[in-house]
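Peer 1:
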Amino acid sequence: MSIYRTHTCGELTTKDVGQTVSLSGWIYRRRDHGGVAFIDLRDHYGVTQIVFHPDCGLINDVTHLTLESVVKVTGVVVKRDAAQVNPNMATGDIELEVKSMEILSKVEKLPWALADDSIPEDLRLKYRMLDLRRERLQHNLKMRSDVIAFLRRKMWDNGFREYQTPILTSSSPEGARDFLVPSRLNPGKFYALPQAPQQFKQLLMVAGYDRYFQIAPCFRDEDPRADRSPGEFYQLDMEMSFVTQDDIFAVMEDVIGDLFRHFADGKEVVTGTDSKAFTRIPFDEALMKYGSDKPDLRNPLVVQNVADIFEASEFTAFKGVLKNGGHVRAIPAPKAADKPRSWFDKLVSWATTDLGAGGLGYITCTAEGEFKGPIAKFLSDAQVKEIFTRCGMGKGDVVFFMACGKHQVMKMVGPVRTKLAEELDLIDKNQYRLCWIVDFPMYEYDEDNKKVDFSHNPFSMPQGGMEALEGQDPLTIKAFQYDLVCNGYEISSGAIRNHRPEVMYKAFEIAGYSAETVDAKFGGMINAFKLGAPPHGGNAPGIDRIVMILCDEPNIREVIAFPLNGRAQDLMMGAPSEVSEQQLRELNIRHTSIPGQQQVKAS
RNA sequence: GGGGGUGUAGCUCAGUCGGUUAGAGUGCUAGCCUGUCACGCUAGAGGUCGCGGGUUCGAGCCCCGUCACUCCCGCCA
C-alpha cells in the first residue's frame, strides 16, 4: 500500500462507508461555505468530494490553496444523505470527511482555469502538462495506448512478429523531404531519419522473416495539415511474403476491421460487404463517382459525368473547358430547390474564393417540375431532363455543375460533393465506412517537367508485369497499389512490391532513370533482389490518424501527447533550438545566421 | 512559397456611425456564508486594443505594412 493513498479518486462507493482512507490528487474545484467547505479531488481515475467540517481545523488551509495544488487527504468515507447524492459523479453516493491533509505540491499561479474548455492552442501547447490533465485528452491518450496494444495483439495473432529498424539511416532520393542528422565521425556526411522503414521491411522479407510488423516512428519534413502532424508520426508498418493483394487485404480486414468494431463505441462499422471484407473501389471509379481518391462513403452523393451533354450544348464556357481536355461533372443536391437565393450565392462564392474555381453552376427543379438557374437557358429541356435522370434527381431537387481542368477533379469536384453533403446534412455521423481504393495508376504525366513519372511508390509492382511495361502506354498501366480509406481519410497505403530486378530497371527506365541511376540510388535494395527475393507486399496504417477518427477529433494534435505546432515547433521544450558553436564545430557544421529570426521560447 | 480566418484584461468575448475615463462573464486577491457540487454574495486588482506606420481635431474601429496562431493549396514516393 502506498504512503500516499489507499484508494484512487474514482473507486470509493457505499461499500467503503465507515473506512478510514487516504486519497491523493489535484484540487479540481472548491466550494467554501464558511463553516463547511468542499473540494473535488481529482486523479487519473476520477473525482471524489472531500468535506471539510469546522472541527477539522483545515478549512483556512484548504481555502487558500490555489486550485490544481496536489494534496493527500485522510478521512472517513461517509454515505451522503439522499438529497445530497450527485448522480453525475461516479463517486456521488459518498464523500470523504477529512481528518488530516498534507500539501504535496503548491501551485503558484495557473495560466488558465483547468475547467475552461476553449483555450488558444499555442497556450495549450506551451503548458501541455496542464492541458493533458483535462478529461478529454486523458481519454484520447488512453485510447491511443489501447489501440496500439490491440494492434500488437492482433498482429501477433495473425503470425506477425515485431522487429525494430534503424532511426539513423540514409537519405532517400524519392519521396518527402528528409530530416538530416550530421555525422560527427564522418565529416560532411548526414544521416536521414526514416520517412518510413520501407526498404528495411522489404530487406527483412528478403531475409526470410515472412511476417513483419512494427509500431514505427516515421519522420517527414513537410508542412502540416489538420490530419497530418509535422515532423513525426506513427505507423503500424507491416509486410508479408509469398502473398497477393488479396492475402494482405484479408489480414488488414481482420486487424483494422476488428479494431474499428472494438473501439467503435456504439457507432456502426460499415464494410460494404456481408463478410469481413471491405468494398474495393478502383481509383478511376473513385475519381469519377466521388471526385476523390479518399471518398467519404457516408456521403450518399454520387457525381455524374455530363461532358457529352455540354459538348452538345450552347454553353461555350463549359465547351471551352472540355476542348482543353477538362471535365464537366454534375453533383446532385436532393431537396435543395427551396433553399433561398443566399444559400446558392454563398456556395458559389465559396467555390470561387476557397476552391479557386471559375464558377459553380446549378439548375433547380421546382416542385412544379420547372427548371431554373443561371445555366438552364443554355440547355434544351431534353438535355436538362437527361442530366436530372442521370443524377437520379427530380422535382424539388438541384443539380450543381463543376467544370475543371484535366487534373483538377480532386481539387474541385470532390470538395463540392463534400460541401453539399455537409450543407444538406446528409452525412451519417454515426458510421465508420471502410473501403479499399485499388488499381492506382503506376505513372502520371508530370506537366512541370514534361515527362512520365511514378505516381506513387516506385517499388510497387506494375499490374501485368514486364509485359505491360513493354507493350502498354505507361499512363494506362495500373499498379498493385492500394489505400485504405475511412470516412474520407486515407488511413493506410500499401502495395505489392516489385521484387524482380529486371522489371524494376524497366519501370525506372520508363520514368527516365537509367540502370546506373537505379543502382546508385537503390543499390542496397536492387542487390538484395538479386540474392533471392520472395514476392512480398504490405502496407502501413497511420496510427495517429486512426486514433483521431476513433476519438472523433478534427485535429491530429488532440491524440498526440506532445505535438509540434503548425511551424514544427515544440513550444514547451523550445525545439528546435540553437546549439553552441562547440557542438557545431564537432559536427563540422557552419551556418549562416538569419537576422531577426526568433528563437522558439521554452516555457 | 500562395490564399482564407482570427488577434481587445490571465482566459472567453462585447465594443453601435471614427467621439467622454474601453466593458461583461470567468479566473485571481480579500472578506462574508454550515450542504455545496460550474455553490452564492460583497469589494478589489488586472489593458502596449498583436506590433509598426499613415489618414484625422480625434483611431480598438479607416488605410498600408508586419508578426503570431490556425485552416486550405502547393508539398506529403
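Residues 142 to 744 (this note's numbering) make up the first sequence, in order.
Here a beta-carbon is modelled for each residue, glycine too, at the ideal position from N, C-alpha and C.
Under the rule that 16 or more other beta-carbon atoms within 10 Å means buried, what is I144, buried or exposed?
Peer 2: As a first step, residue 144 is located in the first sequence; it is residue number 3 there, counting from the start. Looking at its Cβ environment, which holds fewer than 16 other Cβ atoms inside 10 Å, I144 is exposed.
Peer 1: Within 10 angstroms of its Cβ, does H174 collect 16 or more other Cβ (buried), or is it exposed?
Peer 2: Position 33 of the first sequence, counted from the first residue, corresponds to residue 174. When all chains shown are included, H174 counts as exposed.
Peer 1: Are there three or more Cβ pairs, one per stretch, closer than 8 Å when the region 417–427 is compared with the region 556–573?
Peer 2: Short answer: they don't touch.
Peer 1: When the Cα atoms are used, what is the spatial distance from C627 to R293?
Peer 2: Along the first sequence, one-based indexing puts residue 627 at 486. Along the first sequence, one-based indexing puts residue 293 at 152. Each residue's Cα considered, the two are about 21 Å apart.
Peer 1: My assumption, with CB atoms under 8 Å, is that V540 sits in contact with V444. Please give the rounded CB distance.
Peer 2: Translated into the one-based positions of the first sequence, residue 540 becomes position 399. Translated into the one-based positions of the first sequence, residue 444 becomes position 303. V540 to V444, Cβ: 11 Å. No contact.
Peer 1: Provide the residue span of the beta strand (DSSP E) that contains R366, from first to last.
Peer 2: As a working note, residue 366 is residue 225 in the first sequence. R366 -> no beta strand (DSSP E), and no H or E assigned at all.
Peer 1: By the DSSP assignment, the alpha helix (DSSP H) with A661 in it spans what residues?
Peer 2: The count along the first sequence starts at 1 and reaches residue 661 at position 520. Its alpha helix (DSSP H) spans residues A656 to F670.
Peer 1: For V218, which residues from the same chain have a beta carbon less than 7 Å from its beta carbon, with the 5 sequence-adjacent residues on both sides left out?
Peer 2: By 1-based counting over the first sequence, the position of residue 218 is 77. Cβ neighbours of V218 beyond the five flanking positions: L153, D157, V158, G159, Q160, V162, I235 and L237.
Peer 1: Determine the extent of the beta strand (DSSP E) in which D378 is found, giving its start and end residues.
Peer 2: Stepping through the first sequence from its first residue, residue 378 is reached at position 237. That run of the beta strand (DSSP E) goes G372 to S382.
Peer 1: Cutting at 7 Å between CB atoms, please list the residues of its own chain near K408, excluding the five before and the five after it.
Peer 2: Taking the first residue of the first sequence as position 1, residue 408 is located at position 267. Excluding sequence neighbours, K408 sits near N571, Q572 and Y573.
Peer 1: Does DSSP put K560 in a helix, in a strand, or in coil?
Peer 2: Position 419 of the first sequence, counting from 1, holds the residue named residue 560. Here K560 sits in helix by DSSP.
Peer 1: Go to C576, then tell me how far its beta strand (DSSP E) extends in each direction, as first and last residue.
Peer 2: Taking the first residue of the first sequence as position 1, residue 576 is located at position 435. That run of the beta strand (DSSP E) goes Q572 to V579.
Peer 1: Would you give the residue range spanned by the alpha helix (DSSP H) that T149 belongs to?
Peer 2: Mapped onto the first sequence, residue 149 falls at position 8. Careful: T149 lies outside any alpha helix (DSSP H) and carries neither H nor E.
Peer 1: Quick check on P736: buried or exposed, where buried means 16 or more other Cβ atoms within 10 Å of its Cβ?
Peer 2: Taking the first sequence and counting its residues from 1, one reaches residue 736 at position 595. In this prediction, P736 scores a pLDDT of 44, lower than 50, which makes its location untrustworthy; no coordinate-derived value is stated.
Peer 1: Assuming C545 contacts H468 (C-beta within less than 8 Å), just tell me the rounded distance between them.
Peer 2: The residue labelled residue 545 in the question sits at position 404 within the first sequence. The residue labelled residue 468 in the question sits at position 327 within the first sequence. Indeed, because the Cβ distance is near 6 Å, the residues count as touching under 8 Å.
Peer 1: Closer than 8 Å is the cut-off here; do at least three beta carbon pairs connect the region 593–606 with the region 647–657?
Peer 2: Verdict: yes, contact present.
Peer 1: With the cut-off set at 9 Å, would you say K247 and T215 are in Cβ contact?
Peer 2: In the first sequence, residue 247 corresponds to position 106, counting from 1. In the first sequence, residue 215 corresponds to position 74, counting from 1. Contact: no.
Peer 1: Can you say whether M689 is buried or exposed, counting buried as having 16 or more other CB atoms within 10 angstroms of its CB?
Peer 2: Here residue 689 corresponds to residue number 548 of the first sequence, with the count starting at 1. With 16 or more other Cβ atoms within 10 Å, it is buried.
Peer 1: Could you name the residues of the same chain whose beta carbon sits closer than 7 Å to that of N446, not counting the 5 residues immediately before and after it, in chain order?
Peer 2: If you number the first sequence from 1, residue 446 lands on position 305. So the list reads M429 and R470, once near-sequence residues are dropped.
Peer 1: For the pair the region 673–684 and the region 628–642, tell me if three or more CB-CB distances fall below 8 Å.
Peer 2: As far as the Cβ criterion goes, the region 673–684 touches the region 628–642, which means the pair count is three or higher.
Peer 1: Buried or exposed: V462, going by 16 or more other Cβ atoms within 10 Å of its Cβ?
Peer 2: To locate residue 462, count along the first sequence from 1; it is residue 321. By the 10 Å Cβ count, V462 comes out buried.
Peer 1: Using the Cα positions of E527 and L488, report the straight-line distance between them to the nearest angstrom.
Peer 2: As a position in the first sequence, residue 527 is number 386, starting the count at 1. As a position in the first sequence, residue 488 is number 347, starting the count at 1. Cα-Cα distance, rounded: 24 Å.
Peer 1: Using the three-state DSSP reduction, which class does W811 fall into: helix, strand or coil?
Peer 2: This structure leaves residue 811 out entirely; the chain is present only between 142 and 744.
Peer 1: Select from A178, D624 and P475 the residue whose C-alpha is nearest the C-alpha of T204.
Peer 2: Reading the first sequence from its first residue, position 63 is the one you call residue 204. Closest option to T204, Cα to Cα, is A178.
Peer 1: What are the start and end residues of each continuous alpha helix (DSSP H) run of 4 or more residues lying completely inside the region 387–455, in chain order?
Peer 2: Runs found: 424–431 and 448–452.
Peer 1: With DSSP run on the structure shown, which of helix, strand or coil describes G502?
Peer 2: Within the first sequence, the letter at position 361 stands for residue 502. DSSP places G502 in strand when its eight states are reduced to three.
Peer 1: What's the C-alpha gap between K552 and T232?
Peer 2: Here residue 552 is taken as the residue at index 411 of the first sequence, counted from 1. Here residue 232 is taken as the residue at index 91 of the first sequence, counted from 1. Using only the alpha carbons, I get a separation of about 52 Å.
Peer 1: In terms of residues, what are the limits of the beta strand (DSSP E) holding L625?
Peer 2: Mapped onto the first sequence, residue 625 falls at position 484. It spans Q622 to C627 - the beta strand (DSSP E) in which L625 sits, taken as one unbroken run.
Peer 1: In the structure shown, what three-state DSSP assignment does M142 receive?
Peer 2: Position 1 of the first sequence, counting from 1, holds the residue named residue 142. Of the three classes helix, strand and coil, the one that applies to M142 here is coil, per DSSP.
Peer 1: Taking only three categories from DSSP, how would you classify Q740?
Peer 2: For this step, residue 740 is matched to residue 599 along the first sequence. Confidence is the limiting factor: at Q740 the pLDDT is only 47, short of 50, which leaves the residue's position unreliable, though a coordinate-based value still follows. In this structure, Q740 counts as coil in the three-state DSSP scheme.
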